[in-house]
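To start, the structure under review is shown below, and the notes come after it.
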Amino acid sequence: MIFVTGGAGFIGSNFVLDWLAQCGEPVVTIDSLTYAGNLENLASLSGDARHLFVKGDIADTALIASLLATHQPRAVLNFAAESHVDRSIHGPEDFIQTNIVGTFRLLEAVRSYWGGLPADAKAAFRFLHVSTDEVYGSLAKDEPAFLETHRYEPNSPYSASKAASDHLVRAYHHTYGLPVLTTNCSNNYGPYHFPEKLIPLMIVNALAGKPLPVYGDGLQIRDWLYVKDHCSAIRRVLEAGTPGEVYNIGGWNEKPNLDIVHTVCALLDEMRPRPDGNPYAAQISYVKDRPGHDRRYAIDASKIERELGWKPAETFETGIRKTVAWYLAHPDWVAHVQSGAYKVWTARQYEHIPHDPATQPARATA
Ligand code: NAD
Ligand code: DAU
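For the sequence shown, the numbering used here begins at 15 and goes up steadily by one.
See the structure below:
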């Protein structure tokens, strides 16, 4: 079995769902359920004996140590993080706590567990750390895409905290021999994406008749990857990656933000036209730029293709169409996220459960 931290968030929940659908190996999901953690993402696993959800913090060493001892996973995949750049600008502290202190404490618990494994299990064990292209900083228009060897130049409190976590993971391999794998991925999009991030925010605001806020001139470039392609890349790195190595993951799909917003608007015009017949693009509104806004990210994903044979399955055109269709088909999920009702639902889930996850973790998601 494997452990997935942050598995109630956007990418983590997509990963858990795909993992169980593809290979069926049991998963323990550990998530502290911050505002970004939503058990409704995992509701389809209700009653699935292969899945166990534990509400817990990666910085809670005693809890993590006890879960490791109880379940004896062959791998720990760390998705847990504070992930939103704008939030990191307004309040960096949570990012330092989870992304740096949390990763450090998780590494310590894992190191201790791994050190006590028998030789064959020790050799087969993996710690996979999910990171971001933002650690490499910002590119000028004509600079080549980020390679794994690009120097670290993080520019936001978020990317600085992720960079620190990457360095800790690297150090645990170099110093202690912990078999780690690090992935640095570009911008994801797809189902269960919290509507504080660009693409889901544009979809839900457009449908609600609200302004579509574009920061600055809207010409910042991001490199977009459909979330299920990110999940397949992580599965492949876990399966065949070399311990100590870093793998960049991306969709070879650079686009200015304004193009993204216009694409979303055009798909909504086609799939759910505005009642007044006007285009959704009429709702675009230019707003103050993000402080320190990185101008361009671009991932060179040739190493993972060359060494592990991974390539994205979706083009941006197919992925964004699926994404818009998913949001249109899940108005309840959107409504619960926007109203905060998913938090009420989570509280109800835990109403009668004593919090002793080591001995009583078995609260499957429902
Ligand atoms: P998210 O914010 O949607 O989810 C993060 C999850 O982690 C939430 O469920 C939250 O409750 C949980 N969490 C937060 N702090 C925790 C803690 N201390 N202990 C346990 N759980 C905790 O984020 P996401 O977009 O799914 O990103 C997942 C990972 O992928 C992050 O490490 C992020 O840096 C990385 N990443 C994201 C993107 C992207 O485009 N979203 C791209 C590349 C890399
Ligand atoms: O590159 C990978 C990173 O992508 C991940 O590590 C982060 O966790 C993830 O949040 C994402 O960071 P970004 O800052 O690139 O994503 P976001 O969706 O916040 O913004 C995408 C671009 O759109 C960025 O240039 C800012 C801009 N933007 C964003 C919002 C929310 C707007 O113009 N308007 C908005 O309202």
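Glycine included, every Cβ here is placed at the ideal spot set by N, Cα and C.
Terminal residues of the continuous alpha helix (DSSP H) containing residue i?
| i | result |
| --- | --- |
| Ala-94 | Looking at the DSSP string, Ala-94 is not in any alpha helix (DSSP H), and its letter there is neither H nor E. |
| Lys-311 | Note that residue 311 corresponds to Tyr in the displayed sequence, not to Lys. From DSSP, Tyr-311 is part of no alpha helix (DSSP H); its letter is neither H nor E. |
| Thr-197 | Note, Thr-197: premise wrong, no alpha helix (DSSP H); beta strand (DSSP E) at 194-199. |
| Trp-128 | 117-129 |
| Ile-25 | 24-36 |
| Asp-100 | 99-104 |
| Thr-75 | 75-85 |
| Ile-110 | Segment: none, Ile-110 is in no alpha helix (DSSP H) and carries neither H nor E. |
| Ala-50 | Counting along the chain, Ala-50 falls outside any alpha helix (DSSP H), and DSSP gives it neither H nor E. |
| Asn-219 | 212-221 |
| Arg-320 | 316-322 |
Taking its Cβ as the centre, do 16 or more other Cβ atoms sit within 10 Å of residue i, making it buried, or is it exposed?
| i | result |
| --- | --- |
| Lys-155 | exposed |
| Thr-196 | buried |
| His-369 | Summary for His-369: the model assigns pLDDT 44, below 50, so the residue's position carries little reliability; its value from the coordinates is reported in the next sentence. Per the 10 Å Cβ criterion, exposed. |
| Gly-20 | buried |
| Thr-337 | buried |
| Val-30 | buried |
| Cys-279 | buried |
| Thr-43 | buried |
| Asp-45 | buried |
| Gln-36 | exposed |
| Gly-333 | buried |
| Pro-305 | exposed |
| Gly-459 | Because the chain in this structure spans residues 15 to 380, residue 459 falls outside the shown range and cannot be described. |
| Gly-105 | exposed |
| Lys-242 | buried |
| Ala-343 | exposed |
| Pro-193 | buried |
| Gly-38 | exposed |
| Gln-374 | Because Gln-374 carries a pLDDT of 40, less than 50, the predicted location of this residue cannot be relied on, and the following value inherits that uncertainty. When all chains shown are included, Gln-374 counts as exposed. |
| Tyr-206 | buried |
| Tyr-203 | buried |
Have a look at the options and flag the residue whose alpha-carbon is nearest the alpha-carbon of residue i.
| i | options | result |
| --- | --- | --- |
| Glu-167 | Tyr-206, Tyr-150 and Asp-231 | Tyr-150 |
| Asp-147 | Glu-284, Arg-140, Phe-160 and Thr-189 | Phe-160 |
| Leu-66 | Val-18, Ala-133, Asp-243 and His-187 | Val-18 |
| Phe-139 | Glu-253, Ile-103 and Asn-55 | Glu-253 |
| Gly-255 | Trp-238, Pro-289 and Glu-321 | Glu-321 |
| Pro-87 | Ala-343, Val-358 and Val-41 | Val-41 |
| Arg-286 | Pro-158, Pro-345, His-104 and Glu-96 | Pro-345 |
| Arg-119 | His-307, Glu-284 and Ser-179 | Ser-179 |
| Leu-91 | Asp-308, Lys-325, Ala-247 and Gly-354 | Ala-247 |
| Glu-284 | Ala-63, Ala-339, Phe-208 and Ala-177 | Ala-339 |
| Gly-51 | Pro-209, Val-68 and Ala-22 | Ala-22 |
| Asn-198 | Leu-142, His-207 and Asp-62 | Leu-142 |
| His-381 | Pro-193, Ser-200 and Arg-236 | As shown, the chain starts at 15 and ends at 380. That puts residue 381 outside it, with no answer to give. |
| Tyr-341 | Leu-81, Asn-267, Ala-355 and Leu-221 | Leu-221 |
| Arg-309 | Ser-145, Glu-107 and Glu-268 | Glu-268 |
| Lys-357 | Thr-48, Gly-26 and Met-15 | Thr-48 |
| Thr-117 | Val-241, Ala-177, Met-15 and Ala-83 | Ala-177 |
| Leu-212 | Thr-277, Val-251 and His-181 | Thr-277 |
| Ala-94 | Ala-83, Val-115 and Ser-80 | Val-115 |
| Lys-302 | Val-68, Ile-25, Glu-328 and Asp-100 | Asp-100 |
| Pro-251 | Glu-319, Ser-80 and Ser-152 | With the sequence shown as reference, residue 251 is identified as Val, and Pro is not the correct amino acid for it. The shortest Cα separation from Val-251 among Glu-319, Ser-80 and Ser-152 belongs to Glu-319. |
| Glu-96 | His-244, Phe-208, Glu-39 and Leu-153 | Phe-208 |
| Lys-325 | Val-68, His-244 and Arg-64 | His-244 |
| Arg-249 | Ala-83, Gly-323 and Pro-289 | Gly-323 |
Tell me the residue span of the beta strand (DSSP E) that contains residue i.
| i | result |
| --- | --- |
| Asp-237 | 235-240 |
| Val-278 | Looking at the DSSP string, Val-278 is not in any beta strand (DSSP E); the run it does join, the alpha helix (DSSP H), is 271-285. |
| Lys-336 | No beta strand (DSSP E) contains Lys-336, which is instead part of the alpha helix (DSSP H) from 330-343. |
| Val-149 | Per DSSP, Val-149 belongs to no beta strand (DSSP E) and is neither H nor E. |
| Asn-262 | 260-263 |
| Tyr-229 | 226-229 |
| Tyr-186 | From DSSP, Tyr-186 is part of no beta strand (DSSP E) but of the alpha helix (DSSP H) over 171-190. |
| Thr-163 | Thr-163 -> no beta strand (DSSP E), and no H or E assigned at all. |
| Lys-69 | 65-69 |
| Ser-299 | 298-301 |
| Ile-16 | 16-19 |
| Asp-45 | 41-45 |
*Is the region 278-295 touching the region 344-360 in the sense that three or more CB pairs, one from each, lie closer than 8 Å?*
no
*Can at least three beta-carbon pairs, one atom from the region 159-179 and one from the region 223-233, be found at a separation below 8 Å?*
no
*asked:* With three or more beta-carbon pairs closer than 8 Å as the criterion, would you say the region 68-81 touches the region 101-119?
replied: yes
_Cβ contact check for the region 260-271 and the region 298-314: 3 or more pairs under 8 Å_ = yes
_Using a Cβ distance threshold of 8 Å, determine whether the region 228-246 contacts the region 271-289, with at least three qualifying pairs required._
yes
*Please confirm if the region 116-132 is in contact with the region 175-192, defined as three or more CB-CB distances below 8 Å between the two stretches.*
yes
*Decide yes or no for the touch test of the region 44-64 against the region 129-138: beta carbon pairs closer than 8 Å, at least 3 of them.*
no
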